[in-house]
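Visitor: Right, I'll just put the structure down here and ask away after.
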Amino acid sequence: MPLELVTIPCLSDNYAFLIHDAKTGDTAVVDVPEAAPILAALAARGWSLSQILLTHHHADHIQGVEELRRQTGARVVGNAADAHRLPPLDLALDEGGEVTVGSETGRTLDVSGHTIGHIAFHFPQSELAFTGDSLMAMGCGRLFEGTAEMMWRSLSKLAALPGDTLICSGHEYTESNARFARSLEPANPELIFRSGSIAAARKDGRPTVPSQLADELATNPFLRANLPELKTAVDMADAGDAEVFAEIRRRKDKF
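All the letters of the sequence shown, read from the start, carry residue numbers 1 to 255 under the UniProt record's numbering.
Written out as structure tokens, the structure is:
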């Protein structure tokens with residue numbers, strides 16, 4: 001049985017995610033922008049939290065960790081290479097490290113670029129990938145610490161996951177990301193359709209996260225920097241993939 005997923009809005013535009021194994025009762029949360037909404041979601045379902053999984057060190061992903069740990073006793077899991085910037089870790093993982101939730105084991109991927117030491121958690125049986133601020137719905141994180149080449153390698157790792165994988169990213173930026181994507185590919189029919197669905201969801205107050213990887217591959221310009229149509233759209237038909245990605249990122253930063 002796959003893990004149950006609960007998406008929890010936090011702060012103004014962040015998300016945390018609960019994953020729950022119904023057979024064992026084991027529950028984990030990915031990222032803790034604030035503790036109160038997570039505690040409320042746990043209480044509403046009668047779940048007990050056992051683990052806190054962290055993608056990266058930015059405050060809007062970890063600032064509720066100590067309160068949540070104090071109230072639940074959950075152990076904290078994160079990247080060993082980033083331990084000096086994270087709350088104290090009970091389990092420090094390297095790339096390819098394993099974390100078990102109930103009967104399912106997930107693995108970590110180093111997806112540095114937004115920050116150095118950013119990781120994602122992939123649970124293949126449940127077709128879930130928790131990507132924080134690396135791959136996002138219709139976008140990717142700004143390059144605060146890493147290079148464009150580094151981020152392109154990270155996004156390529158995520159792009160290689162099965163298309164049915166749900167990308168559980170950290171923010172509700174999708175509508176503005178979609179407007180930027182359409183500035184590059186205004187005639188992309190899948191992008192036109194998805195943009196309409198996103199606008200309708202936000203009008204109704206519904207999250208646009210998580211999203212399916214197959215949809216990201218069809219519409220997210222940051223995953224499409226290797227494609228001839230995107231290279232042509234940015235007048236870089238003969239450029240390398242990472243170079244095109246860098247140009248798309250520069251344009252988004254100014255959009």
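Even glycine gets a Cβ: it sits at the ideal position worked out from N, Cα and C. This structure is a prediction, so every number in the text was calculated from the model and none was measured.
1. Residue 139 and residue 113 - do their beta-carbons sit closer together than 8 Å?
2. Helix, strand or coil for residue 76? Go by DSSP, reduced to three states.
3. I'd like to know whether the C-beta of residue 38 is nearer than 8 Å to at least one C-beta of chain B.
4. Looking only at DSSP bridge pairs, what is residue 107 linked to?
5. Between which two residues does the beta strand (DSSP E) containing residue 116 stretch?
6. Taking a contact to mean a Cβ-Cβ separation below 8 Å, would you say residue 108 touches residue 93 in this structure?
7. Sort 177, 228, 207 by Cα distance to residue 328 and report the nearest one.
8. Could you give the C-beta distance for residue 76 and residue 69, rounded to a whole number, given that I count them as a contact under 8 Å?
9. Under three-state DSSP, which class holds residue 188?
10. For the alpha helix (DSSP H) containing residue 156, list its first residue and its last residue.
11. Smallest Cα separation from residue 251: which of 63, 43, 197, 234?
12. The beta strand (DSSP E) that contains residue 4, what's its start and end?
13. Name the residue from 25, 36, 124, 1 whose alpha carbon lies nearest to the alpha carbon of residue 9.
14. At what residues does the alpha helix (DSSP H) containing residue 209 begin and finish?
15. Out of 57, 218, 205, 131, which one is the CA nearest neighbour of residue 83?
16. Counting only the same chain and skipping the five closest in sequence on each side, list residues whose C-beta sits under 6 Å from that of residue 13.
17. Can you find at least 3 beta carbon pairs, one from the region 16-24 and one from the region 215-224, that sit closer than 8 Å?
18. Per DSSP, what kind of secondary structure is residue 27 in: helix, strand or coil?
Guide: Short version:
1. no
2. strand
3. No chain B appears in the structure shown, which is made up of a single protein chain.
4. Per DSSP, 98, 122.
5. Element bounds for residue 116: n/a, residue is neither H nor E.
6. yes
7. Residue 328 is absent from the structure shown; the chain starts at 1 and stops at 255.
8. 6 Å
9. Under the three-state reduction of DSSP, residue 188 is assigned to coil, being neither helix nor strand.
10. 148-159
11. Comparing Cα-Cα distances from residue 251 to each of 63, 43, 197, 234, the minimum goes to 234.
12. 4-10
13. 36
14. From DSSP, residue 209 is part of no alpha helix (DSSP H); its letter is neither H nor E.
15. Scanning 57, 218, 205, 131 for the CA closest to the CA of residue 83 turns up 57.
16. 171, 172
17. no
18. strand
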